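Peer 1:
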Amino acid sequence: MSDDDPFRLQDFLPYLLNHTAEDVGQGFARIYKGRYGMLRTEWRVLAHLGQFGPMDATRIGNMARVHKTKISRAVAALTDKRFVTRDTDQGDRRRAVLCLTRAGQAAYADLAAIARDHDRALAARLTPQEHATLLRCLKKLGQDLPQG
């Protein structure tokens with residue numbers, strides 16, 4: 193694109209990435225909402241705890257790039273669903289360590305298996321080379337952008 197070309201929203205990379213993420217995420221969102229009554233941020237908290245183990249809400253927010261108030265609401269909802277427990281960090285009593293309960297671990301295992309299938313179905317719409325290139329490009333874009 194040259195400086196003389198008109199701006200076209202439908203060709204603007206952030207716009208395309210956002211729309212694609214929304215479109216491909218909706219199918220999976222219907223599953224975790226239907227099965228467990230979860231919202232997107234709740235799934236993201238559950239997934240981070242399931243994959244990385246106990247941690248505090250601040251770390252999850254940083255890893256998931258989600259604002260702390262949304263993380264706090266998600267943690268409260270997951271606690272109400274008995275998927276997450278909060279334990280006071282003995283080293284810093286202001287900090288709570290979040291852990292999955294057995295029910296949370298079971299929900300994570302169930303949804304992780306479905307997520308793998310969902311991911312495979314999306315990848316099948318591309319050639320293996322396109323899939324590898326897309327992953328490489330997205331990871332590179334994510335690494336090269338400033339945080340915050």
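Using the working numbering, read the sequence shown as starting at 193 and increasing by one per residue.
Note that CB positions come from ideal geometry on N, CA and C, so glycine has one too.
If you're wondering where the values come from, they're calculated on a predicted model, not measured in any experiment.
In whole angstroms, what separates the C-alpha of D272 from that of S264?
Peer 2: Numbered from its first residue, the sequence shown carries residue 272 at position 80. Numbered from its first residue, the sequence shown carries residue 264 at position 72. Computed Cα separation, rounded: 12 Å.
Peer 1: Out of curiosity, what's the CA-to-CA distance linking V267 and A305?
Peer 2: As a first step, residue 267 must be located in the sequence shown, where it is residue number 75. As a first step, residue 305 must be located in the sequence shown, where it is residue number 113. Each residue's alpha carbon lies about 22 Å from the other.
Peer 1: What are the uninterrupted segments assigned as beta strand (DSSP E) that are 3 or more residues long and contained completely in the region 280-339, given in chain order?
Peer 2: Counting only runs that start and end inside the region 280-339, the beta strand (DSSP E) elements of at least 3 residues fall at 288-292.
Peer 1: Confirm, please, whether the CB-CB distance from A269 to R278 is below 9 Å.
Peer 2: By one-based count along the sequence shown, residue 278 stands at place 86. By one-based count along the sequence shown, residue 269 stands at place 77. Contact: no.
Peer 1: Considering Cα atoms alone, identify which of D248, L238, P206, L241 is closest to G283.
Peer 2: For the purposes of this step, residue 283 is taken as residue 91 along the sequence shown, with counting starting at 1. Among D248, L238, P206, L241, the Cα nearest to that of G283 belongs to D248.
Peer 1: Span of the alpha helix (DSSP H) holding Q218?
Peer 2: Here the question's residue 218 lines up with position 26 in the sequence shown. Looking at the DSSP string, the run of the alpha helix (DSSP H) that includes Q218 is 205-228.
Peer 1: Between which two residues does the alpha helix (DSSP H) carrying D272 extend?
Peer 2: Counted from its first residue, the sequence shown places residue 272 at position 80. 260-272 is the extent of the alpha helix (DSSP H) around D272.
Peer 1: Per DSSP, T277 is paired with what?
Peer 2: As a first step, residue 277 must be located in the sequence shown, where it is residue number 85. According to DSSP, which records beta bridges pairwise, T277 is partnered with C291.
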